[in-house]
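J.:
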Amino acid sequence: MPGILEYQSGDTILHHTHPLVKLLLAVSVCVGGFITKSLMFNLALLLLSISGGFALGMGRKVKATLKGAGSLCLFLFTLQLPFVRSGRTLIPLPFGLKVTDMGLRFCAQLSMRLLGATLPLVLMLGVTRLSDLTNALVAQLGIPYRYAFVVTTAIRFIPILFVEMHDVIEAQTARGVELDGSFTQKIRLIPPLCVPLLVSCVQRMENNALAAELRGFYLRKRGSGYRRYPLNGADALVLTVCAAILAIAIIT
Amino acid sequence: MIELRNVSFSYEGSADRALDDVCLSIAPGEFVGVIGPAGAGKTTLMHTLSGIVPHVRRGEFFGAANVAGLDTITSTVAEMSKTVGCVFQDVESQFVTTMVEDEILFALENFSIPRDEIPKRVDRALSDLDIADLRSRSLSSLSGGQKQKVALAAALALSPSVLAFDEATGELDPASSVQVFALLSQLRRERNTTIIVVEQKIMLLSAFADRLIVMDQGRVAIDGPVRQTLERPGRLLELGVNCPRVTTLAARLRDKGLYQGAPPINLDEAEVMARGILR
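One line per chain: the protein sequences are A and B, in this order.
Taken in order, the first sequence gives residues 1 to 252; the numbers are from our numbering.
Taken in order, the second sequence gives residues 1001 to 1279; the numbers are from our numbering.
As structure tokens, this is what we get:
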């Protein structure tokens, strides 16, 4: 997980696109996936995201996201499938449960929507510096800096939490805590893992807030950002793609 | 000018005084080393200079602290931060962005440094610490020493009149530590920056600092020029501070009547001492 949400340097068109346009593209793909009723369009959007990810040189991020979100999708697929009662029965199951054609379609679309919503956001963060996103939110949308900073800091903290969790697991394993075992043993492991994680995270956030304050966080103004984000031809192209995705999603 | 008059401070919920009747006067452009055992009050002293104590780390504060004309009680931490640049031991938790360049830009943007000056300051900070090649790197991909250099660069880019470093070279290799201290020395010479460094590497302090402050149980136990302070290795050991080995050796030789001169505080001076004894 660490690294998946981090910016990856590059020189592609999307790296040079306006941060908010990239955000809009990711949101368009997500929303388009949820609006459309067409399974084929969901599949097309997913394939677009996957191929886009590889074209951006982010194959590792794509694979890791598909692996992580794919497990969740598989779980949801399996859980929902026997409970959809409408449609033609394909496989009868015990206790009155069954697998229907409608169930298969519904669960497949649900999985693709979930994957289709996760991947564009991961890729957007891969081609957008969080500081650019913060500055653009402030300069273009007029969002107060402290709120924009909080949003991007929350995103920044996700991989940090995973690293902290890994450190806590390592430390507790070194002290003899056995991580493998029965379900009740795993339940018992929650306090020794979660308490240190919570403590270290709170401490880290406190130190981080202090560091920001010491470096003039509260003096920041709307026009303080150094970088400027003018719209260019690539932005217009991406905006056209966004409009096309949403239009097709509504039609289908 | 930094002036602390009878400053005492106890953290909220603690009866012990982290600082106990501290009186200090530091002139502009002075390079001061602060040393002492764990729990001596070094970090609290640095926090007092930056206004973190008592504004963020709350507790009972007595006395008066004035840093470059700013009263630390009436000035906010943001106001203080324009004057005092701080780098603390745990650099990782001081990062507020994800990229090296953004980390240096953060404070420059906050303080609304003129746009045409920002790239010059970023370039200079990066080149001063020999990390220009890390400019576009993600902070998470750096080693501990590289991260420390980035934190130092972020502080230096602001060109504050006071730089307060709290064991900020802890993860640097010896050569990089010397490089950072030499840079601080240069800043002091060129810009008259006041440098206050909490550091356990006493050889480094003795080579670069003008003055040593030894803290013990919240008090200033010894405050004086480096050489004068190091002339008392016994007292330093009592306070839990190691003297440079060459200084300790000179003290032993003096006890045995083999050497009568001034104690050396670096290898060059030790060599002169050894030649004198062998002659």
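The beta carbon of each residue, even a glycine, is placed where N, CA and C say it ideally should be.
Just so you know, these numbers come straight off a predicted model, no measurement behind them.
Examine chain A for any beta-carbon lying closer than 8 Å to the beta-carbon of arginine 1017 of chain B, and answer yes or no.
T.: Sequence index remark: in the second sequence, residue 1017 of chain B carries index 17 (1-based). Taking Cβ atoms only, chain A never reaches closer than 8 Å to arginine 1017 of chain B, which makes this a no.
J.: Report the residues of the region 1087-1101 of chain B with a CB closer than 7 Å to any CB of chain A, ordered along the chain.
T.: Residues Asp1090, Ser1093, Gln1094, Val1096, Thr1097, Thr1098 and Met1099.
J.: Can you tell me which of the three DSSP states leucine 1004 of chain B falls into?
T.: Within the second sequence, residue 1004 of chain B is the residue found at index 4, counting from 1. Of the three classes helix, strand and coil, the one that applies to leucine 1004 of chain B here is strand, per DSSP.
J.: For lysine 1042 of chain B, collect the residues of the same chain with a Cβ closer than 6 Å to its Cβ; drop the 5 residues on either side in sequence, then sort them by chain order.
T.: Indexing the second sequence from 1 puts residue 1042 of chain B at position 42. So the qualifying residues of the chain are Val1034, Gly1036, Val1198 and Met1215.
J.: Since cysteine 211 of chain A contacts glutamine 1094 of chain B with CB under 8 Å, what's their CB separation in whole angstroms?
T.: Within the first sequence, the letter at position 211 stands for residue 211 of chain A. Within the second sequence, the letter at position 94 stands for residue 1094 of chain B. Residue identity check: residue 211 of chain A is alanine in the sequence provided, not cysteine. Between glutamine 1094 of chain B and alanine 211 of chain A the Cβ distance is about 4 Å, and since that is below 8 Å, they are a contact.
J.: Can at least three beta-carbon pairs, one atom from the region 35-46 of chain A and one from the region 231-249 of chain A, be found at a separation below 8 Å?
T.: Short answer: they touch.
J.: To test your reading of the DSSP string, which unbroken alpha helix (DSSP H) runs of 4 or more residues are found completely within the region 1156-1191 of chain B?
T.: Listed in chain order, they are 1174-1191.
J.: In chain A, what lies closer than 9 Å to serine 1140 of chain B by C-beta?
T.: Within the second sequence, residue 1140 of chain B is the residue found at index 140, counting from 1. Residues of chain A passing the Cβ test: Pro2, Gly3, Glu6, Pro159, Ile160 and Val163.
J.: Please report whether the beta-carbon of glutamate 1117 of chain B lies at a distance below 8 Å from any beta-carbon of chain A.
T.: The sequence position of residue 1117 of chain B within the second sequence is 117, counting from 1. Not an interface residue.
J.: Quick one: give me the first and last residue of the beta strand (DSSP E) that glutamate 1060 of chain B is part of.
T.: Reading the second sequence from its first residue, position 60 is the one you call residue 1060 of chain B. Residues 1059-1067.
J.: So, using beta-carbon positions, are arginine 156 of chain A and asparagine 1110 of chain B closer together than 8 Å?
T.: Counting from 1 along the first sequence, the entry for residue 156 of chain A is found at position 156. Counting from 1 along the second sequence, the entry for residue 1110 of chain B is found at position 110. Contact: no.
J.: Quick one: using the 10 Å Cβ neighbour count with 16 as the cut-off for buried, is aspartate 1128 of chain B buried or exposed?
T.: Locating residue 1128 of chain B in the second sequence gives position 128, counting from the first residue. Classification of aspartate 1128 of chain B: buried, given that the 10 Å Cβ count is 16 or more.
J.: When the Cβ atoms of the region 180-189 of chain A are set against those of the region 1063-1081 of chain B, are three or more pairs found closer than 8 Å?
T.: Result no; under three Cβ-Cβ pairs closer than 8 Å.
J.: Does the distance between the C-beta of valine 195 of chain A and the nearest non-hydrogen atom of the ligand NAP fall short of 7 Å?
T.: The ligand NAP is not part of this structure, which contains no ligands at all.
J.: Considering only residues of the same chain and omitting the five flanking positions on each side of methionine 102 of chain A, which have a CB-CB separation below 8 Å?
T.: Start at 1 with the first residue of the first sequence, and residue 102 of chain A comes out as number 102. Excluding sequence neighbours, methionine 102 of chain A sits near Val84, Ser86, Gly87 and Arg88.
J.: Output the distance between the C-alpha atoms of alanine 1132 of chain B and asparagine 1006 of chain B, rounded to the nearest integer angstrom.
T.: On the second sequence, residue 1132 of chain B is found 132 positions in, with the first residue counted as 1. On the second sequence, residue 1006 of chain B is found 6 positions in, with the first residue counted as 1. When rounded, the distance between both Cα atoms is 44 Å.
J.: Leaving out the 5 sequence neighbours to the left and right, which residues in its chain are closer than 8 Å to glutamate 6 of chain A when beta-carbon positions are compared?
T.: For the purposes of this step, residue 6 of chain A is taken as the residue at position 6 of the first sequence. Cβ within range, chain order: Leu125, Gly126 and Pro159.
J.: Does any residue of chain B bring its CB to less than 8 Å from the CB of isoleucine 213 of chain A?
T.: On the first sequence, position 213 is the one that residue 213 of chain A refers to. The amino acid occupying residue 213 of chain A in the given sequence is glutamate; isoleucine does not appear at that position. Cβ-Cβ to chain B under 8 Å: yes for glutamate 213 of chain A.
J.: Quick one: does isoleucine 1195 of chain B have its CB under 8 Å from some CB of chain A?
T.: Within the second sequence, numbered from 1, the residue matching residue 1195 of chain B stands at position 195. Taking Cβ atoms only, chain A never reaches closer than 8 Å to isoleucine 1195 of chain B, which makes this a no.
J.: Please classify asparagine 42 of chain A as buried or exposed, where buried requires at least 16 neighbouring CB atoms within 10 angstroms.
T.: As a position in the first sequence, residue 42 of chain A is number 42, starting the count at 1. Under this definition asparagine 42 of chain A is a buried residue.
J.: Return the CA-CA distance between alanine 44 of chain A and glycine 52 of chain A, expressed in angstroms with no decimal places.
T.: For this step, residue 44 of chain A is matched to residue 44 along the first sequence. For this step, residue 52 of chain A is matched to residue 52 along the first sequence. Rounded to whole angstroms, alanine 44 of chain A to glycine 52 of chain A spans 12 Å at the Cα level.
J.: Spell out a yes or no on whether the region 217-225 of chain A and the region 15-22 of chain A are touching, meaning 3 or more CB-CB pairs, one atom from each, closer than 8 Å.
T.: The region 217-225 of chain A is not in contact with the region 15-22 of chain A.
J.: List the DSSP bridge partners of phenylalanine 1031 of chain B.
T.: Walking along the second sequence from the start, residue 1031 of chain B turns up at place 31. B:Ile1195.
J.: Give a yes or no on whether the minimum CB-CB distance between asparagine 1192 of chain B and chain A is below 8 Å.
T.: In the second sequence, counting from the first residue as 1, residue 1192 of chain B sits at position 192. No, because no Cβ of chain A sits closer than 8 Å to the Cβ of asparagine 1192 of chain B.
J.: With 16 other CB atoms within 10 Å as the buried threshold, where does asparagine 135 of chain A fall?
T.: By one-based count along the first sequence, residue 135 of chain A stands at place 135. Buried: at least 16 other Cβ atoms inside 10 Å.
J.: Between which two residues does the beta strand (DSSP E) holding glutamate 1085 of chain B run?
T.: Within the second sequence, numbered from 1, the residue matching residue 1085 of chain B stands at position 85. The displayed chain sequence assigns glycine, not glutamate, to residue 1085 of chain B. Taken as a continuous stretch (DSSP letters only), the beta strand (DSSP E) holding glycine 1085 of chain B covers 1084-1087.
J.: What would DSSP say about glycine 103 of chain A, mapped onto helix, strand or coil?
T.: The sequence position of residue 103 of chain A within the first sequence is 103, counting from 1. Glycine 103 of chain A falls in the helix class under three-state DSSP.
J.: Which residue marks the beginning of the beta strand (DSSP E) containing serine 1025 of chain B, and which one marks its end?
T.: Taking the second sequence and counting its residues from 1, one reaches residue 1025 of chain B at position 25. Taken as a continuous stretch (DSSP letters only), the beta strand (DSSP E) holding serine 1025 of chain B covers 1019-1026.
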